[in-house]
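Undergrad:
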Ligand SMILES: [Zn+2]
Ligand SMILES: [Zn+2]
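In the UniProt record's numbering, the protein residues as written are 1 to 400.
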């Protein structure tokens, strides 16, 4: 399930003579300034959202903010109860063998720590939005209303993107530069506006209510690890509690025959529900986990799996597919040990993306033969595609 606002209301763009020299200078900034501004604006945005939540929003809006945390509290409550059921009721009160207790508890706590660590990173990683150079600016966005035609609006967005040297590979379905009228910014490739977080997010996948966060460039690896370790954790709990689950039914049979039960009544119900809940969560998490493994293998986001990104030669579902190994490394990094623990090893900067070699060859062919028919008219300006410095043919060298 994901939320997204793709109903872009394109406001008319400013005319070329209104584009000030000052704004051009603002857009042409160094890489160091971009990195700093990206982090700066991310935190400023979060502080603004918090201030809005606490001061400006109505009580009903504050109530909505609180309600969004209910699924997170539910998961933490369930983990807290399962800790009591497994550690106290099963390991301490039910298991007799001391070595068995120690081994069970040791593995359980290792898995629990890494699972909760992954969950924490997924929930609390800062949202990464577009860097400052993607924002049109107040003056330009205010003067956008003066332009009436779609073609002029498209041409102006292309001109602004060129002046800022924005690394754009994909386009809107009508061939224009993807623009968010709410954030007043050009959308980087694979970025989308999240209507829940109310901002554009890099490499947007979906908004997850169970983590109350956008699954995107900043936390996608943590989300995958959260699912993977949750599956292992639940499978371990279900596997080790299976014999005590069977013991519960044997005790039921014994009580029917008036024989003495080896486990207390409340303990038996804790063990019963522990096994059932571990199985239910393992099954539900596994479907999501394996689906996202498939998406990683294909280098697609959930949005792109439903609606293919649009390149110069049309929609390409596998436009970012670089081969399974490289796709996995793009998310998890190249070090196997680091890939399995929730630390940031995701490659790239969330803005520059390499494209599929087949797609690249097709576009190179198109640049050699500009008269060839194309699906989408990307560029209404005079510059031919091979002179477009923003275009995907330069994406390999730009990528960090
Ligand atoms: Zn936006
Ligand atoms: Zn969101």
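Just so it is clear, CB atoms sit at the ideal spot from N, CA and C, and this is done for glycine as well. Values in this document were obtained by computation on a predicted structure and should not be read as measured data.
State buried or exposed for residue 113, treating a residue as buried only when at least 16 other CB atoms are found within 10 Å of its CB.
TA: Exposed is the call here.
Undergrad: Among 331, 251, 105, which has the Cα closest to the Cα of residue 87?
TA: Of 331, 251, 105, the residue nearest in Cα terms is 105.
Undergrad: Within the same chain, show all residues whose beta-carbon is closer than 8 Å to that of residue 83, passing over the 5 residues directly before and after it, in chain order.
TA: Hits under 8 Å: 112.
Undergrad: Taking a contact to mean a Cβ-Cβ separation below 7 Å, would you say residue 219 touches residue 122 in this structure?
TA: Yes.
Undergrad: Which residues in the same chain as residue 268 place their Cβ atom closer than 7 Å to its Cβ, once the five residues preceding and following it in sequence are excluded?
TA: So the qualifying residues of the chain are 248, 251.
Undergrad: Expressed to the nearest angstrom, what Euclidean distance is found between the alpha-carbon atoms of residue 232 and residue 60?
TA: For residue 232 and residue 60, the distance between alpha carbons rounds to 39 Å.
Undergrad: Pick helix, strand or coil for residue 126, following the three-state DSSP scheme.
TA: Of the three classes helix, strand and coil, the one that applies to residue 126 here is coil, per DSSP.
Undergrad: In terms of residue numbering, what span does the alpha helix (DSSP H) encompassing residue 176 cover?
TA: Taken as a continuous stretch (DSSP letters only), residue 176 belongs to no alpha helix (DSSP H), as it is neither H nor E.
Undergrad: Where does residue 193 sit, in a helix, a strand or coil, going by DSSP?
TA: It is a strand residue.
Undergrad: Beta-carbon within less than 7 Å of residue 125's beta-carbon, same chain only, minus the 5 sequence neighbours each way: which residues are those?
TA: Contacts found: 218, 219, 222.
Undergrad: Do three or more CB pairs link the region 353-363 to the region 235-248 at distances below 8 Å?
TA: No, the region 353-363 is not in contact with the region 235-248.
Undergrad: Helix, strand or coil for residue 333 per DSSP?
TA: Residue 333 falls in the coil class under three-state DSSP.
Undergrad: Which residues in the same chain as residue 183 place their Cβ atom closer than 7 Å to its Cβ, once the five residues preceding and following it in sequence are excluded?
TA: If we look at residue 183 and ignore the five residues flanking it on each side, its Cβ neighbours are 193, 199, 200.
Undergrad: Thinking C-alpha only, which one of 107, 265, 195, 312 is nearest residue 360?
TA: It is 312 whose Cα lies nearest to the Cα of residue 360.
Undergrad: Can you give me the C-alpha to C-alpha distance between residue 58 and residue 148, rounded to a whole angstrom?
TA: Near 36 Å, if we compare the C-alpha coordinates of residue 148 and residue 58.
Undergrad: Please state whether DSSP places residue 403 in a helix, a strand or coil.
TA: Summary: the structure shown does not reach residue 403, with the chain confined to residues 1 through 400, and so no result is reported for it.
Undergrad: Identify the continuous beta strand (DSSP E) that holds residue 208 and give its terminal residues.
TA: That run of the beta strand (DSSP E) goes 206-208.
Undergrad: Measuring CB to CB, does residue 209 end up less than 7 Å from residue 71?
TA: Yes, the pair counts as a contact, with Cβ atoms nearer than the cut-off.
Undergrad: How many whole angstroms separate the CB atoms of residue 236 and residue 303, which I take to be in contact at a CB cut-off of 8 Å?
TA: About 33 Å; that fails the 8 Å criterion.
Undergrad: Reducing DSSP to helix, strand and coil, say where residue 186 ends up.
TA: It is a strand residue.
Undergrad: Pull up the distance between the alpha-carbon of residue 385 and that of residue 169, whole angstroms please.
TA: Any reading at residue 385 needs caution, since the residue's pLDDT is 33, under 50, leaving its predicted position unreliable; the model's value is listed next. Cα to Cα, the separation comes out at about 12 Å.
Undergrad: Answer yes or no: do residue 275 and residue 238 have a C-beta to C-beta separation smaller than 7 Å?
TA: Yes.
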